[in-house]
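Here is the structure:
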């Protein structure tokens, strides 16, 4: 099977939308953005051995490659619409592509995302997706905008994916609930959209809560305090690890794809109602304060210094301890 | 230097446009598509050792990665606007990134393309670009639409890039004019736009004239005849190779990034005027005929069977003779 058979295999499962004037099969896609809406666009690449372990099932890679991109749209409060997919494969493997598309289309269907173009090439296994959505000009959530008096919220239960990865790497059994969170993160698209007009700033958590909240604080020119006692913990994670080791996974683990956002304390009930409409759990984990940086408090009130703040590609400290990452 | 320093290095040279509401530095870009225009979107990936030889200068990779994507917009008659860039690098190398951005921004500035997002990750060297432009709904050129009575045109002089690659791979000196065509293809954006309302069908030639014309014929449900005597030949290529070896490079070589398009024979003078306005050379190389497939005639009128029709990833015949490609 050659390149064009692979493309046909993928195109057959591209999904349909009325605003796709011309999809896969020409030099470019022709797409209709609704009047009065901004285009929202992001692109993220997953490389084998860096963003997922080498033996990750194809379906999990297909799901996750789309999920990490939809998570970026969610953080902007955008409505997903289309994506482009570049797939680099070491060999022509129809079974792998079918598995990949099983995961990809399962998530694409949930969010009505149509695949409208891209390419398949030979190369080390890598998936690059560009995702597109819409938002009304005043509705987009950004990293800047957090203010003193805002509370800091997190959706879901951070740390689960990082715990799954860590246990896997030391050869210990992984609870299915944690493995699911590593392989099939659920992008918080509904929550992002419900938070329009409520959240003052928002970011998706991919490199760890502290690292990504750090970006939000920097963009907003402000500081924060986090309370470890308020961190929401999944049942599976609580069974697996506790204390500082858990805090580190939850605040600096990465791969969460949750939303971290700020909102005025006075709007707390509105935020709770918005998250309920989105069927998304969420909790206040701290507050915005004057200054810069993020202080973390232990349950007894003492300050806590995390040993690392999150994942960075090319970070010398992390490259030295690459045993922590699937790329090792 | 870590990931965020690399991003800052790239972001400093992103380019500006009034329709970029929010560019690099948030979870996604916010972009304004002009009223009454369709969004045109394409994504192409270049992998080291597959799409360019391992020792290709960083600036040539930066230029070419954008050029192959702009060539897709050109074929749709679109006006380029924005792109997203995913860069996978084996190591943090500021000098390489600066060189890459030199080539990238040189071409981006020519076409007023702003870089609005993407990511940098660790992995085997790979560049994936998603490019975006606009076109009025009735103006887009597609692969379908060629009709009996149309002439087949090609811009530029196909075969130059393939000749450069071939000579390089057998260790022979490469004329600078041919090397330039391999490293810095010039996407035919102006020609595509001038051909709106004139060309009946259009495709960009990346895998070789026969392969890509084949896609156009298939999409149009029609056949073609090509005359080898009418193929435009660059001075440098004519000095380098002749006869069937030249024909093969010109029709099945790949990496041309020229436009192959069809137009009614009665509009020949209009097409010539359009190409002149675009400052783009072009020539008639054949005609659309009833049926399917493409017949090629030698200068003496006899039929010619090319030994291969173009480049396909995962083509077993090509993988077996991979010595022809930089990936070997």
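Protein chains in written order, with the working numbering: chain V, 1 to 328; chain W, 1001 to 1328.
C-beta atoms are modelled at their ideal positions from N, C-alpha and C, and glycine is treated no differently.
Can you find the residues in the same chain that come closer than 7 Å, C-beta to C-beta, to residue 1097 of chain W, ignoring five residues on each side of it along the sequence? Here the question's residue 1097 of chain W lines up with position 97 in the second chain. Hits under 7 Å: 1006, 1009 and 1010.
Counting beta carbon pairs with one atom in the region 140-149 of chain V and one in the region 1021-1033 of chain W, are three or more of them shorter than 8 Å? Cβ pair count under 8 Å is three or more, so yes.
Please look up how many angstroms separate the CB atoms of residue 1077 of chain W and residue 1135 of chain W, rounded, as I've assumed it's under 8 Å. Looking up residue 1077 of chain W in the second chain gives position 77. Looking up residue 1135 of chain W in the second chain gives position 135. Their Cβ separation, rounded to whole angstroms, is 6 Å, which keeps residue 1077 of chain W and residue 1135 of chain W in contact under 8 Å.
When you compare the CB of residue 1140 of chain W with every CB in chain V, is at least one pair closer than 7 Å? Translated into positions along the second chain, residue 1140 of chain W becomes position 140. Output row for residue 1140 of chain W: interface = yes.
Residue 146 of chain V to residue 224 of chain V span [Cα, whole Å]: Taking the first residue of the first chain as position 1, residue 146 of chain V is located at position 146. Taking the first residue of the first chain as position 1, residue 224 of chain V is located at position 224. Whole-angstrom Cα-Cα distance: 10 Å.
On the three-state DSSP scale, how would you describe residue 132 of chain V? As a position in the first chain, residue 132 of chain V is number 132, starting the count at 1. In the structure shown, residue 132 of chain V sits in a strand (DSSP, three-state: E or B).
For residue 1176 of chain W, tell me which candidate among W/1170, W/1188 and W/1163 has the shortest Cα-Cα distance. Counted from its first residue, the second chain places residue 1176 of chain W at position 176. Nearest in C-alpha terms to residue 1176 of chain W, of all of W/1170, W/1188 and W/1163, is W/1163.
Does DSSP put residue 1317 of chain W in a helix, a strand or coil? Walking along the second chain from the start, residue 1317 of chain W turns up at place 317. In this prediction, residue 1317 of chain W has a pLDDT of 47, which is less than 50 and means its spatial position is unreliable; nothing more can be read from the coordinates.
Spatial distance of residue 1232 of chain W from residue 1133 of chain W (CA atoms): Taking the first residue of the second chain as position 1, residue 1232 of chain W is located at position 232. Taking the first residue of the second chain as position 1, residue 1133 of chain W is located at position 133. For residue 1232 of chain W and residue 1133 of chain W, the distance between alpha carbons rounds to 30 Å.
For residue 61 of chain V, three-class secondary structure by DSSP: Locating residue 61 of chain V in the first chain gives position 61, counting from the first residue. Residue state, collapsed to three classes: helix.
For residue 1226 of chain W and residue 31 of chain V, the rounded distance between their alpha carbons: Here residue 31 of chain V refers to the residue found at position 31 when the first chain is read from its first residue. Here residue 1226 of chain W refers to the residue found at position 226 when the second chain is read from its first residue. Near 34 Å, if we compare the C-alpha coordinates of residue 1226 of chain W and residue 31 of chain V.
Between which residues of its own chain and residue 1070 of chain W is the CB-CB distance below 8 Å, once the five residues before and five after are set aside? On the second chain, residue 1070 of chain W is found 70 positions in, with the first residue counted as 1. Result list for residue 1070 of chain W: 1080, 1107, 1111, 1113, 1131, 1187 and 1189, in chain order.
Per-residue contacts from residue 1116 of chain W into chain V (C-beta, under 9 Å): Here residue 1116 of chain W corresponds to residue number 116 of the second chain, with the count starting at 1. By Cβ distance, chain V contributes 41.
Under 7 Å between the Cβ atoms of residue 1172 of chain W and residue 86 of chain V? Counted from its first residue, the second chain places residue 1172 of chain W at position 172. Counted from its first residue, the first chain places residue 86 of chain V at position 86. No.
Are the beta-carbon atoms of residue 1117 of chain W and residue 1084 of chain W separated by less than 7 Å? If you number the second chain from 1, residue 1117 of chain W lands on position 117. If you number the second chain from 1, residue 1084 of chain W lands on position 84. Cβ distance < 7 Å, so residue 1117 of chain W and residue 1084 of chain W count as in contact.
For the alpha helix (DSSP H) that residue 1209 of chain W lies in, which residues bound it at each end? Locating residue 1209 of chain W in the second chain gives position 209, counting from the first residue. Residues 1209-1220.
Going straight from the alpha carbon of residue 165 of chain V to that of residue 153 of chain V, what length do you get? Residue 165 of chain V sits at position 165 when you count from the first residue of the first chain. Residue 153 of chain V sits at position 153 when you count from the first residue of the first chain. A straight-line Cα-Cα distance of about 25 Å links residue 165 of chain V and residue 153 of chain V.
Whole-Å CB distance - residue 73 of chain V paired with residue 125 of chain V, under 8 Å assumed: What you label residue 73 of chain V is simply residue 73 of the first chain in a count that begins at 1. What you label residue 125 of chain V is simply residue 125 of the first chain in a count that begins at 1. Between residue 125 of chain V and residue 73 of chain V the Cβ distance is about 25 Å, and since that is not below 8 Å, they are no contact.
Looking at the C-beta of residue 1307 of chain W, does it have a partner C-beta in chain V at a distance below 7 Å? On the second chain, residue 1307 of chain W is found 307 positions in, with the first residue counted as 1. Not one chain V Cβ lies under 7 Å of residue 1307 of chain W.
Is the beta carbon of residue 204 of chain V closer than 7 Å to that of residue 259 of chain V? Position 259 of the first chain, counted from the first residue, corresponds to residue 259 of chain V. Position 204 of the first chain, counted from the first residue, corresponds to residue 204 of chain V. Their beta carbons are under 7 Å apart, which means residue 259 of chain V touches residue 204 of chain V by this criterion.
I'd like to know whether the C-beta of residue 1210 of chain W is nearer than 7 Å to at least one C-beta of chain V. Reading the second chain from its first residue, position 210 is the one you call residue 1210 of chain W. No, no contact with chain V.
Does the region 202-216 of chain V come close enough to the region 259-269 of chain V to have 3 or more Cβ pairs within less than 8 Å? Proximity of the region 202-216 of chain V to the region 259-269 of chain V meets the contact definition, three or more beta-carbon pairs being nearer than 8 Å.
Helix, strand or coil at residue 1114 of chain W [DSSP, three-state]: Counted from its first residue, the second chain places residue 1114 of chain W at position 114. When DSSP states are grouped into helix, strand and coil, residue 1114 of chain W belongs to the strand group.
Cβ neighbours of residue 1025 of chain W in the same chain (closer than 6 Å, five flanking residues each side left out): Translated into positions along the second chain, residue 1025 of chain W becomes position 25. Within the same chain, residue 1025 of chain W has no close Cβ partners at all.
Beta-bridge pairing of residue 45 of chain V - partner residues as DSSP gives them: On the first chain, position 45 is the one that residue 45 of chain V refers to. As computed with DSSP, residue 45 of chain V is found in a beta bridge with V/128.
On the three-state DSSP scale, how would you describe residue 1143 of chain W? By 1-based counting over the second chain, the position of residue 1143 of chain W is 143. Three-state DSSP puts residue 1143 of chain W in coil, outside helix and strand.
Under 7 Å Cβ-Cβ, which residues of chain W neighbour residue 75 of chain V? In the first chain, residue 75 of chain V corresponds to position 75, counting from 1. Going along chain W in sequence order, the residues near residue 75 of chain V (Cβ under 7 Å) are 1027.
Inspect the beta-carbon positions of residue 1191 of chain W and residue 1155 of chain W and report whether they are closer than 7 Å. What you label residue 1191 of chain W is simply residue 191 of the second chain in a count that begins at 1. What you label residue 1155 of chain W is simply residue 155 of the second chain in a count that begins at 1. In this structure, residue 1155 of chain W lies closer than 7 Å to residue 1191 of chain W by Cβ.
Using a C-beta to C-beta distance shorter than 9 Å, which residues of chain V count as neighbours of residue 1054 of chain W? As a working mapping, residue 1054 of chain W is identified with position 54 in the second chain. Residues of chain V with a Cβ closer than 9 Å to the Cβ of residue 1054 of chain W do not exist; the shortest Cβ-Cβ separation is about 13 Å.
Out of W/1279, W/1268 and W/1277, which has the shortest C-alpha to C-alpha gap to residue 1286 of chain W? Locating residue 1286 of chain W in the second chain gives position 286, where the first residue counts as 1. The residue from W/1279, W/1268 and W/1277 with its alpha-carbon nearest to that of residue 1286 of chain W is W/1268.
Tell me, which residues are paired with residue 223 of chain V by DSSP? Counted from its first residue, the first chain places residue 223 of chain V at position 223. According to DSSP, which records beta bridges pairwise, residue 223 of chain V is partnered with V/289 and V/293.
Give me the chain W residues within the contact set of residue 143 of chain V, using Cβ-Cβ distance strictly less than 8 Å, ordered along the chain. The residue labelled residue 143 of chain V in the question sits at position 143 within the first chain. Annotation: Cβ neighbours of residue 143 of chain V in chain W (cutoff 8 Å, chain order): 1025, 1026 and 1027.
Is it the case that the Cβ atoms of residue 159 of chain V and residue 249 of chain V are separated by a distance below 7 Å? Position 159 of the first chain holds residue 159 of chain V. Position 249 of the first chain holds residue 249 of chain V. The answer is yes: Cβ separation under 7 Å.
C-alpha gap between residue 66 of chain V and residue 179 of chain V, whole angstroms: Here residue 66 of chain V refers to the residue found at position 66 of the first chain. Here residue 179 of chain V refers to the residue found at position 179 of the first chain. So the two alpha carbons sit approximately 18 Å from each other.
Is residue 1026 of chain W near the ligand COA, judged by its Cβ being under 6 Å from some heavy atom? No copy of the ligand COA occurs in the structure displayed, which carries no ligand at all.
If you compare alpha carbons, which of V/195, V/41 and V/289 is closest to residue 1115 of chain W? Mapped onto the second chain, residue 1115 of chain W falls at position 115. Of V/195, V/41 and V/289, the residue nearest in Cα terms is V/41.
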